[in-house]
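K.L.:
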Amino acid sequence: MPEEAAVQKINVRCCIVGGGPAGMVLAYLLARAGVDVLVLEKHADFLRDFRGDTIHPSTLELMRELGLLEEFLKIPHDELGELAAEISGLRFIVGDFTHVPGHCKFIALMPQWDFLNFMCDHAKRYPEFNLRMQAEATDVIIEGDRIIGVRAKTKLGPVEIRAELVIGADGRHSVVRQKAGLEVETFGSPIDVLWMRISRKPGDPPQTFGHIDSGRILVMIQRGEYWQCAFVIRKGAFTSIREKGLPAFREDIVRFQPFLRGREQELKAWDDIKLLTVVIDRLKKWYRPGLLCIGDSAHAMSPIGGVGINLAIQDAVAAANILAPAFQRGATPGTIPVIEAINEAISPADGALPAAIAMGLTPALADAPAAAMIAPFSPSLLRSGLGDGSARPAGTASRAAAPARATDTPSQEPTYSSVTEDDLAAVQRRREFPTRMMQRIQVAIQNRVISRVLSADKQIEIPLIVKLLCNFPLLRRIPAYIVGIGFRPEHVGTQDATAQQADD
Ligand SMILES: Cc1cc2nc3c(=O)[nH]c(=O)nc-3n(C[C@H](O)[C@H](O)[C@H](O)COP(=O)(O)OP(=O)(O)OC[C@H]3O[C@@H](n4cnc5c(N)ncnc54)[C@H](O)[C@@H]3O)c2cc1C
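In terms of numbering that gives the first Met the number 0, the sequence shown has 427 at position 428, counting the first letter as 1, and numbering is strictly consecutive.
1) Just curious, the beta strand (DSSP E) that H210 is in, first and last residue?
2) Ligand 1 heavy atoms versus the CB of A168: any closer than 7 Å?
3) Note down, in chain order, each residue of its chain lying with its Cβ closer than 8 Å to the Cβ of V426, except the 5 sequence neighbours on either side.
4) Thinking just about the alpha-carbon of each residue, which of R215, K283 and T276 is nearest to the one in F248?
5) Counting beta carbon pairs with one atom in the region 476-489 and one in the region 51-60, are three or more of them shorter than 8 Å?
6) Apart from the five residues on each side of it in sequence, which residues of its chain come closer than 8 Å, Cβ to Cβ, to K152?
7) Any idea what DSSP makes of T276, helix, strand or coil?
8) Excluding five sequence neighbours on each side, which residues of the same chain lie with their C-beta closer than 8 Å to the C-beta of V149?
9) Flag R233 as yes when its Cβ comes closer than 7 Å to any non-hydrogen atom of ligand 1, and as no otherwise.
10) Please tell me whether I86 and I211 are closer than 8 Å, where the distance is taken between their beta carbons.
11) Within 7 Å: the Cβ of H42 and any heavy atom of ligand 1?
12) With a threshold of 16 other CB atoms inside 10 Å of the CB of H490, please say whether the residue is buried or exposed.
13) Rounded to the nearest angstrom, what separates V452 and I440 at their Cα positions?
14) Can you tell me whether V277 is buried or exposed? The criterion is at least 16 other CB atoms within 10 Å of its CB, across all chains shown.
15) Could you tell me which of P110, M62 and Y125 sits nearest to A496, measuring between CA atoms?
16) How big is the Cα-Cα spacing for D421 and P288?
17) Here's the rule I'm using: 16 or more other beta-carbon atoms within 10 Å means buried, otherwise exposed. How should P100 be labelled?
18) Given a cut-off of 8 Å on the beta-carbon distance, is the pair I461 and L72 in contact?
19) Does A107 come out as helix, strand or coil in the three-state DSSP assignment?
20) Is the beta carbon of I74 sitting closer than 8 Å to the one on A83?
21) Within 10 angstroms of its Cβ, does A498 collect 16 or more other Cβ (buried), or is it exposed?
22) Which class does F91 belong to by DSSP, given the choice of helix, strand or coil?
23) Looking only at C-alpha atoms, which of L282, L266 and G94 sits nearest to F432?
24) Quick check: the region 176-193 against the region 226-237, are there 3 or more CB pairs under 8 Å?
25) Rounding to the nearest angstrom, what Cα-Cα distance links N309 and G329 in this structure?
26) Per DSSP, what are the beta-bridge partners of R145 in this structure?
27) Leaving aside the five residues before and after S198 along the sequence, list all residues of the same chain whose C-beta is less than 7 Å from its C-beta, in chain order.
28) Is F208 near A479, with beta carbons less than 8 Å apart?
29) What is the DSSP secondary structure of T493, reduced to helix, strand or coil?
30) Taking the beta strand (DSSP E) that S198 falls in, what are its first and last residues?
31) Does the beta-carbon of V306, which I'm using as the reference point, lie nearer than 7 Å to any heavy atom of ligand 2?
32) Got a sec? Which residues, its chain only, sit under 8 Å from A510 by beta carbon, not counting five neighbours each side?
33) Since G156 is in the beta strand (DSSP E), which residue starts that stretch and which ends it?
34) Under 8 Å by Cβ, that's how I've got H121 and L67 pegged, so tell me the actual separation to the nearest angstrom.
35) Go through the region 245-294 residue by residue and report every complete run of the beta strand (DSSP E) that reaches 3 residues or more, in order.
36) For A21, which of G94, F186, V448 and Q111 has the nearest alpha-carbon?
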């Protein structure tokens, strides 16, 4: 009989499930503030397509506050100063970003993997940041009414992570929120989206735009050499579209956008067309002791308006502003820093060093020679050089301040956390209003506009709002503000603990 793989145990102050925009930005900010954080991401890389490519002016402003903007804007991107759409042949400007507050008066269109890789590269500069790819959370660990950790499967076997705080940032199909039993309010969505790539040619329209006509909506995002196309369909309609066959689907695209004629053949099989189900929902309570959900895990967003990434990032900033000082309140007798658990994992005595490297645990370690890896991270060195956290500079969390404990019997130990339920409630209070407002707008648009368009069998009449936007250009600033900045823009309130320690 095959032996069951031993469960590897890791303790960390904060375990973030999900390396999307919400998870990576929060991990970066907490590590920067000196909090040990471990991100679990189920995929092997960030190279997934069709995940939304919009970096909003409010996010660009955050980059500026972090001193990263200049470097960030060196990554190839397109700058969208206006949002255009076309209804029944009438092309018009929906939003004019050139007047939004802040330094960048445009939406940066950039593949999401570039954004996530950028955040990851910067987070790796902080020793408190740990990322494990191909680590899929499967359950939460509950003790009493408290979430005390996460179970995950990895390529190298099961892992149990004990944490003072678990963050569910695992998107709209969140396992964390489901396993934690958090109650979800669903608002329904009458649409799904088919994503596909079609090449771009000279003479094509220069910019991203959306087309709306009888029964059909097609958004085409300009990605340099190709268009990333989002074909909006009625919920559940993909089955009947497939039944009609690929040639019929290709013909539908071309009839809608004749300039694509010839290129529809690039859609060779149904595998070239990805179905993304659209959901709008929100947790009634975003937290319970030991757990907080943010981003789509707390409130799944529709692609309407392209606001979900921005909202997820804003949640992360608000959470960091509230949680970093909460972590800073004190060390936690029930936990040890993750780096020490890693040290156990790489102990040459059990020959686990190559395994730890292969697992991608602390990518920074992977490049180091074995001897150099073990010496600087010896537990005694860690303990001797570190205080109890109370002497840390204001605005920074203690760096590896928690006392060392064995990791294999943590449930017999009291689990302490300086992060209280009130802190978690404060994050929900801060972010619920902007989320509700944005979801209300998305639900109104999907029910009043998109459903009507998709069920129309003749040309759509130009709606009054479009006529107003055409005649009163000033009005275009309102949608631009709502999309580009949002209802309660956040600002970075945490400090870089490394910089502060250097100053001291
Ligand atoms: C079709 C479609 C198009 C969209 N287009 C846009 C757009 O253009 N602009 C925009 O702003 N928003 C868009 N959105 C919304 C946007 O994608 C989300 O609101 C945003 O990505 C939320 O970020 P997040 O970090 O909360 O979650 P996600 O981006 O979903 O990230 C979650 C991460 O968690 C990982 N994960 C999931 N489960 C586990 C697990 N069990 N263990 C470990 N890791 C796990 C996932 O692999 C993923 O990396 C779109 C949404 C849809 C459905």
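Glycine included, every Cβ here is placed at the ideal spot set by N, Cα and C. None of these values were measured; they are calculated from a predicted model.
P.N.:
Looking at the atomic coordinates:
1) F208 to D212
2) yes
3) W285, Y286, L291, I293, D314, A317, A318, I321 and L322
4) R215
5) yes
6) A134, E135, T137 and V158
7) strand
8) C14, V16, L39, A136, D138, V139, I140, E159, I160, A162, V165 and V175
9) no
10) yes
11) yes
12) exposed
13) 17 Å
14) buried
15) Y125
16) 9 Å
17) exposed
18) no
19) strand
20) no
21) exposed
22) strand
23) L282
24) yes
25) 32 Å
26) E142
27) E224, Y225, R262 and E265
28) no
29) coil
30) I190 to S198
31) Absence of ligand 2 from the depicted structure is noted, with ligand 1 being the only ligands included.
32) Here the chain comprises residues numbered 0 to 503, so residue 510 is not present and cannot be evaluated.
33) G156 to G167
34) 7 Å
35) 273-276, 280-282 and 290-292
36) Q111
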